[in-house]
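A.B. asks: Below you will find the structure I want to go over with you.
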Amino acid sequence: MVAVGFGGPGVSFPPALAERAERVRAAVHGRGGEAIGQLALTTVLYLAYRVGRMFTADDTMHAMGNAHAILGFEDRLGLPEETTVQAIFVDRSFLAVPANFYYATAHFTVAVAVLLWLWTFRPEHYRWTRNLMVALTGGALVVHVLMPLAPPRMLPQYGFVDLAAVHGQSVYGAPDSGGLSNQFAAMPSLHVGWALLLAFAVVAATRTPWRWLALAHPVITTLVVVGTGNHYWLDAIVAITLLAAAAAIHPLVVPESATAWGVMGPVESTVAITR
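Those letters in the sequence shown? Residues 1251 to 1525, by the working numbering.
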């Protein structure tokens, strides 16, 4: 057994666990102020986003009109009907229940886990990932305000089903119930945009052949948000377009030093290498 200093007298851990704990300790040593700063920044941006979303939270007529227009536009583009995907889940609770759970939990939990891992072990990748996430979310907020959009689950006349409501897993109340949730912010789908960004970050930050499995997250997320009746295909397409635009503009407006080591690193190679 190998003793780890921060565990207290007489406390020991298995060698593998002790090694991992030491790598984490070394990676975050001396970065307490930086962690507080990043947490404060994230909190402020998140609260600003939530407040911004509320500007159109009660614009029911406009949101419903846009929903009808979106369906017509998708039809003219020849996109497949979202109900085709929903049909896979509607009568299969063994698929519907996990899909609802994935929609409700994976969006934030995966984001927090990946960002925390990047900040700890891959700060050079954390900075550009964070910057693109902020840019994507800011762009999405502008679209939310300019184009309030009711999600498919609010349009049963088109054959859509609120899958989460059917199984008692809905994270939303009635559209007019108040609270801090804007259900008319379907365009674009940040679920899809964030999932794609985080998958790219994992692929870029690691070298193991298994890293490509991260791309399953945005694929599953897209199927889930459409299959549960929370988003249209165009919501996903617009999110991907905004992310691509942010990625293209980013190196033009942010110095390379701010997206590489900047003030945060570098982390010692013995710590950073976690394949």
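Glycine included, each C-beta is placed from N, C-alpha and C at the ideal position.
In this text, all values refer to a predicted model and were calculated from it rather than measured experimentally.
1) Run through the DSSP bridge pairs and tell me what residue 1435 is partnered with.
2) Taking only the alpha-carbon atoms, compute the straight-line gap between residue 1414 and residue 1284 and give it to the nearest angstrom.
3) Are the beta-carbon atoms of residue 1379 and residue 1447 separated by less than 9 Å?
4) Which of the three DSSP states is assigned to residue 1284 in this structure?
5) First and last residue of the alpha helix (DSSP H) that includes residue 1481?
6) Round the Cβ separation of residue 1349 and residue 1400 to the nearest angstrom and send it over; I've been treating them as touching at under 8 Å.
7) Closest to residue 1322 by CA distance: which of 1456, 1374, 1408 and 1310 is it?
8) Once the 5 residues before and after residue 1299 are set aside, which same chain residues still bring their CB inside 7 Å of it?
9) Going by C-alpha to C-alpha distance, which of 1353, 1449 and 1319 sits closest to residue 1375?
10) Within 10 angstroms of its Cβ, does residue 1264 collect 16 or more other Cβ (buried), or is it exposed?
11) Does the segment 1479-1497 come into contact with the segment 1454-1466, if we say contact requires no fewer than three beta-carbon pairs (one atom in each stretch) closer than 8 Å?
12) Straight-line CA distance for residue 1356 to residue 1325?
13) Return the first residue and the last residue of the alpha helix (DSSP H) that residue 1318 is part of.
14) Does the distance from the CB of residue 1445 to the CB of residue 1472 come in under 9 Å?
15) Buried or exposed for residue 1294, going by 16 or more other Cβ atoms inside 10 Å?
16) Rounding to the nearest angstrom, what Cα-Cα distance links residue 1462 and residue 1373 in this structure?
17) Going by CA-CA distance only, name the one from 1498, 1296 and 1405 that's closest to residue 1384.
18) Grouping DSSP H, G and I as helix and E and B as strand, with all else coil, what is residue 1408?
19) Three-state secondary structure (DSSP) at residue 1389?
20) Tell me which same chain residues have a C-beta within less than 7 Å of the C-beta of residue 1397, skipping the five on either side of it?
21) With DSSP as the reference, label residue 1458 as helix, strand or coil.
C.D. replies: With the structure as the only source:
1) Locating residue 1435 in the sequence shown gives position 185, counting from the first residue. 1399.
2) Walking along the sequence shown from the start, residue 1414 turns up at place 164. Walking along the sequence shown from the start, residue 1284 turns up at place 34. The alpha-carbon atoms of residue 1414 and residue 1284 are separated by roughly 39 Å.
3) In the sequence shown, counting from the first residue as 1, residue 1379 sits at position 129. In the sequence shown, counting from the first residue as 1, residue 1447 sits at position 197. Using a Cβ distance threshold of 9 Å, residue 1379 and residue 1447 count as a contacting pair.
4) Within the sequence shown, the letter at position 34 stands for residue 1284. Helix.
5) The residue given as residue 1481 occupies position 231 in the sequence shown. No alpha helix (DSSP H) contains residue 1481, which DSSP labels as neither H nor E.
6) To locate residue 1349, count along the sequence shown from 1; it is residue 99. To locate residue 1400, count along the sequence shown from 1; it is residue 150. Contact flag wrong, Cβ pair sits at about 20 Å.
7) Counted from its first residue, the sequence shown places residue 1322 at position 72. If we check each option's Cα against that of residue 1322, 1408 comes out closest.
8) Counting from 1 along the sequence shown, the entry for residue 1299 is found at position 49. Cβ within range, chain order: 1387 and 1391.
9) In the sequence shown, residue 1375 corresponds to position 125, counting from 1. When each option's Cα is compared against that of residue 1375, the closest is 1449.
10) Walking along the sequence shown from the start, residue 1264 turns up at place 14. Flag for residue 1264 reads exposed.
11) no
12) Position 106 of the sequence shown, counted from the first residue, corresponds to residue 1356. Position 75 of the sequence shown, counted from the first residue, corresponds to residue 1325. The alpha-carbon atoms of residue 1356 and residue 1325 are separated by roughly 30 Å.
13) Within the sequence shown, the letter at position 68 stands for residue 1318. Per DSSP, residue 1318 belongs to the alpha helix (DSSP H) from 1310-1327.
14) Counted from its first residue, the sequence shown places residue 1445 at position 195. Counted from its first residue, the sequence shown places residue 1472 at position 222. Yes, they are a contact pair.
15) Numbered from its first residue, the sequence shown carries residue 1294 at position 44. Counting Cβ neighbours within 10 Å, residue 1294 comes out exposed, since fewer than 16 surround it.
16) As a position in the sequence shown, residue 1462 is number 212, starting the count at 1. As a position in the sequence shown, residue 1373 is number 123, starting the count at 1. Taking the straight line from one Cα to the other gives about 20 Å.
17) Translated into positions along the sequence shown, residue 1384 becomes position 134. Ranking the options by Cα distance to residue 1384, first place goes to 1296.
18) Locating residue 1408 in the sequence shown gives position 158, counting from the first residue. Residue state, collapsed to three classes: helix.
19) As a working mapping, residue 1389 is identified with position 139 in the sequence shown. In this structure, residue 1389 counts as helix in the three-state DSSP scheme.
20) Counted from its first residue, the sequence shown places residue 1397 at position 147. Correct list, in chain order: 1316 and 1437.
21) If you number the sequence shown from 1, residue 1458 lands on position 208. Residue 1458 falls in the coil class under three-state DSSP.
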